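Undergrad: Quick one: the structure is below, and I'll ask about it shortly.
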Amino acid sequence: MAATAVPARADDLTCDYDVTLVDPGAVKLDISVACDPAVKVTQFTALGNRDHWWTDPEGYRDGNGRFTYDLGAFAKSEDNMGSAMVFGDAALVTPGFLLALPETEHAVMLRFRLKFPAGGAVLTALQPDKDGYYRVPLLRLNEAGPLILGNVTAEEIVGDPELTLAIQPDGSLIAREQLIAWVSAVAEGNRRFWARSPARKGLIILVPTPRGGVPFGRVLSLGGAVVTVLVGRRATPQDLYDDWVLVHEMLHLGSPLMRDTGAWLNEGIATFYEPVLRARAGWKSEDDVWHEWISQMPRGIPAVTGAGLANAGRGGIYWGGALFVLMAEIESLQASGGKIGFSDCLRAVLAEGGDVTVKWPTMKLLDRCDALLGGNVIAALAKQHIERGSAMDLDQLWRRLGVSVADGAIRYDDAAELAWLRPLIIWGGTARPAPISASGFLPDG
Ligand SMILES: [Zn+2]
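The opening residue of the sequence shown carries number 1484 in our numbering; numbering runs sequentially from there.
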């Protein structure tokens, strides 16, 4: 009787890379790779422009290969934070553009380790395994954040050892100390909200851009959370504290990635609490928060009343999600007599390890809330608005909270039925917290 081949589990198949930084300043690499024979590599392929890779014609066979790679030259030609870009005397590169990738029909775990015989360093959120390898599945390479390789040093975020900061040199008119103070202040606002750091070994990368303000940010979190934020070269320190992007991205770090019903809950959490955190830090007035919500929340109405949040288009997930979080906050506080808000659920989830590096189903997080509340509160709300929508009266909700806009100004009605919830929503308690000042994070002098 012929033996039947047992297919290997995806985790069993690996390609192991040794990446040696032979010239840290120019970011030149020697790379050798050895794949499990069962991977059946037909060839290795470099993503993007291949002019900067060299291998001899016999350079690979049987799943083994040796390459030299001028990553510094590639980064210069790419100039793209989605692939590679120059970062001072180093290169920022995403894992898919660091390695020569095996062409194979199999799911493979890519394991790579870095060697620095001529100096240099790496900044990465990936955590090495017991053999010193970083691990990224071939099929999920695009979910892994960039790393920085070469002559690079990390900045310390004041008060948060879980986060490392990398600032691209020479790019910004804002002093380095001011940038560090800003990130530290945003991290402090997040730690207050989450009752701990929102990250476990996260990396924050600031990249200067000719555009104004803070025009773009994103989080990639497979194997470790990396926040990349573009900062305008001409932005002033005041522009930084007036901006929402870094606060929003850092908020993403504290919740599991939930994608089974779409991105609406992750985006809703970040969109809803971003102005709240800035108000609590003293960077935005309470009036401005209500103003923003009253003017923007209607954008979420079609999703929560129509096809449901799970079926919302890209335009509906941010404010549709934020509207759901507002309703969840109010229902939680009402059900618990003001003792437990939706943010308490989020803190409980993070405390048990539910940060952005793990994936959860949406209902797992929402059910944690009901466990905390001891009732069927958030699940009932979910039933009304996720898979399909149902009616809600937003104008009536504002009336019950006792907020309205007249002649462009916010008016408060303290006699309104739910007026007592307003300070709990905005301040997280009955008293306004102390502001967070940048000067607290700047060196003396
Ligand atoms: Zn977001």
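Where is the CB? At the ideal position from N, CA and C, for every residue including glycine. Please read these numbers as outputs of a predicted model, since none were measured by experiment.
Please report the distance separating the alpha-carbon of Pro1507 from that of Thr1840.
TA: Position 24 of the sequence shown, counted from the start, is the residue given in the question as residue 1507. Position 357 of the sequence shown, counted from the start, is the residue given in the question as residue 1840. Cα-Cα distance, rounded: 29 angstroms.
Undergrad: Going along the chain, which residues of its own chain have a beta-carbon closer than 7 angstroms to the beta-carbon of Glu1645, five neighbours each way excluded?
TA: Position 162 of the sequence shown holds residue 1645. Excluding residues within five positions, the ones whose Cβ falls inside 7 angstroms are Ser1680, Ala1682, Arg1683, Lys1684 and Gly1685.
Undergrad: Within its chain, find whatever has a CB closer than 8 angstroms to the CB of Gln1948; leave out the 5 residues flanking it on each side and keep chain order.
TA: Residue 1948 lies beyond the range of the chain shown here (1484 to 1928); nothing can be said about it.
Undergrad: Just curious, the alpha helix (DSSP H) that Thr1845 is in, first and last residue?
TA: To locate residue 1845, count along the sequence shown from 1; it is residue 362. Thr1845 to Leu1856 is the span of the alpha helix (DSSP H), which, as asked, contains Thr1845.
Undergrad: Taking Leu1713 as part of the beta strand (DSSP E), name the residues at either end of that continuous run.
TA: The residue labelled residue 1713 in the question sits at position 230 within the sequence shown. Per DSSP, Leu1713 belongs to the beta strand (DSSP E) from Val1709 to Gly1715.
Undergrad: Quick check: is any heavy atom of ligand 1 less than 7 angstroms from the C-beta of Ala1753?
TA: Taking the first residue of the sequence shown as position 1, residue 1753 is located at position 270. Indeed, a heavy atom of ligand 1 lies less than 7 angstroms from the Cβ.
Undergrad: Between Leu1648 and the rest of its own chain, which residues show a CB-CB distance below 6 angstroms, the 5 nearest in sequence each way excluded?
TA: One-based indexing of the sequence shown puts residue 1648 at position 165. If we look at Leu1648 and ignore the five residues flanking it on each side, its Cβ neighbours are Glu1638, Ile1640, Val1666 and Ile1687.
Undergrad: Would Val1690 and Ala1718 be called neighbours here (beta carbons separated by less than 8 angstroms)?
TA: Here residue 1690 is taken as the residue at index 207 of the sequence shown, counted from 1. Here residue 1718 is taken as the residue at index 235 of the sequence shown, counted from 1. No, they are not a contact pair.
Undergrad: Which value, in whole angstroms, describes the spacing of the CA atoms of Ala1493 and Ala1590?
TA: Here residue 1493 refers to the residue found at position 10 of the sequence shown. Here residue 1590 refers to the residue found at position 107 of the sequence shown. Any reading at Ala1493 must be qualified, since the residue scores a pLDDT of 49, below 50, and its modelled position is unreliable; the value itself is stated next. If I take the Cα positions, the gap works out to 5 angstroms.
Undergrad: Do the stretch 1732-1751 and the stretch 1695-1709 touch if we need at least three Cβ pairs shorter than 8 angstroms?
TA: Contact holds: three or more Cβ-Cβ distances are below 8 angstroms.
Undergrad: Would you tell me roughly how many angstroms separate the C-alpha atoms of Pro1785 and Leu1880, rounded to the nearest one?
TA: Translated into positions along the sequence shown, residue 1785 becomes position 302. Translated into positions along the sequence shown, residue 1880 becomes position 397. The straight-line gap from Cα to Cα measures roughly 16 angstroms.
Undergrad: If you drop the 5 nearest sequence neighbours on each side, which residues of the same chain put their C-beta closer than 6 angstroms to that of Asn1794?
TA: Taking the first residue of the sequence shown as position 1, residue 1794 is located at position 311. Nothing meets the Cβ criterion.
Undergrad: Is Glu1941 near ligand 1, with its Cβ less than 7 angstroms from a heavy atom?
TA: Residue 1941 falls outside the range modelled here, since the chain spans only 1484 to 1928, and no answer is possible.
Undergrad: Relative to the C-alpha of Gly1824, which candidate in Ile1663, Glu1775, Ala1762 and Ile1752 has its C-alpha closest?
TA: Translated into positions along the sequence shown, residue 1824 becomes position 341. Measuring from the Cα of Gly1824, the nearest candidate turns out to be Ile1752.
Undergrad: Measure the C-alpha to C-alpha separation of Asn1532 and Phe1557 and round it to an integer number of angstroms.
TA: Start at 1 with the first residue of the sequence shown, and residue 1532 comes out as number 49. Start at 1 with the first residue of the sequence shown, and residue 1557 comes out as number 74. Answer to the nearest angstrom: the Cα atoms are 7 angstroms apart.
Undergrad: When DSSP labels each residue in this structure, what does Leu1593 get in the three-state scheme?
TA: Here the question's residue 1593 lines up with position 110 in the sequence shown. If DSSP states are grouped into helix, strand and coil, Leu1593 belongs with the strands.
Undergrad: Are there 16 or more other CB atoms within 10 angstroms of the CB of Lys1511, so buried, or fewer, so exposed?
TA: Looking up residue 1511 in the sequence shown gives position 28. Burial call: buried.
Undergrad: Less than 6 angstroms between C-beta atoms, sequence neighbours within five positions excluded: which residues of the same chain meet that for Phe1676?
TA: As a working mapping, residue 1676 is identified with position 193 in the sequence shown. Within the same chain, Phe1676 has close Cβ partners Leu1760.
Undergrad: Which residues in the same chain as Arg1618 place their Cβ atom closer than 8 angstroms to its Cβ, once the five residues preceding and following it in sequence are excluded?
TA: As a working mapping, residue 1618 is identified with position 135 in the sequence shown. Excluding positions up to five away in sequence, the list reads Met1592, Leu1593, Arg1594, Leu1609, Asp1612 and Gly1706.
Undergrad: For ligand 1, I want to know if Glu1750 counts as a neighbour, meaning its beta carbon is within less than 7 angstroms of at least one of the ligand's heavy atoms.
TA: Position 267 of the sequence shown, counting from 1, holds the residue named residue 1750. Yes, Cβ of Glu1750 sits closer than 7 angstroms to a heavy atom of ligand 1.
Undergrad: Closer than 7 angstroms to a non-hydrogen atom of ligand 2 - does that hold for the CB of His1535?
TA: Among the ligands in the structure shown, ligand 2 does not appear; only ligand 1 can be found there.
Undergrad: If you measure between the beta carbons of Leu1809 and Met1780, is that distance less than 8 angstroms?
TA: Taking the first residue of the sequence shown as 1, we reach residue 1809 at position 326. Taking the first residue of the sequence shown as 1, we reach residue 1780 at position 297. Going by C-beta atoms, Leu1809 is nearer than 8 angstroms to Met1780.
Undergrad: For Leu1713, I'd like the list of residues in its chain whose CB is within less than 6 angstroms of its CB, leaving aside the five on either flank, ordered along the chain.
TA: The residue given as residue 1713 occupies position 230 in the sequence shown. The answer, listed in chain order, is Val1690, Thr1692, Pro1698 and Phe1699.
Undergrad: Following a CB-centred definition, is His1731 positioned closer than 7 angstroms to any heavy atom of ligand 1?
TA: Your numbering for residue 1731 matches position 248 in the sequence shown. Indeed, a heavy atom of ligand 1 lies less than 7 angstroms from the Cβ.
Undergrad: Three-state secondary structure (DSSP) at Gln1610?
TA: By one-based count along the sequence shown, residue 1610 stands at place 127. Residue state, collapsed to three classes: coil.
Undergrad: What did DSSP end up calling Gly1824 once you bin it into helix, strand or coil?
TA: Indexing the sequence shown from 1 puts residue 1824 at position 341. Three-state DSSP puts Gly1824 in coil, outside helix and strand.
Undergrad: Please state if the CB of Thr1497 and the CB of Asp1513 are separated by a distance shorter than 8 angstroms.
TA: For the purposes of this step, residue 1513 is taken as residue 30 along the sequence shown, with counting starting at 1. For the purposes of this step, residue 1497 is taken as residue 14 along the sequence shown, with counting starting at 1. Taking 8 angstroms as the Cβ cut-off, Asp1513 and Thr1497 do not qualify as a contacting pair.
Undergrad: Roughly how far, in whole angstroms, is the beta-carbon of Asn1547 from the beta-carbon of Ala1517, given that I think they are within contact range, below 8 angstroms?
TA: In the sequence shown, the residue the question calls residue 1547 occupies position 64. In the sequence shown, the residue the question calls residue 1517 occupies position 34. Indeed, because the Cβ distance is near 5 angstroms, the residues count as touching under 8 angstroms.
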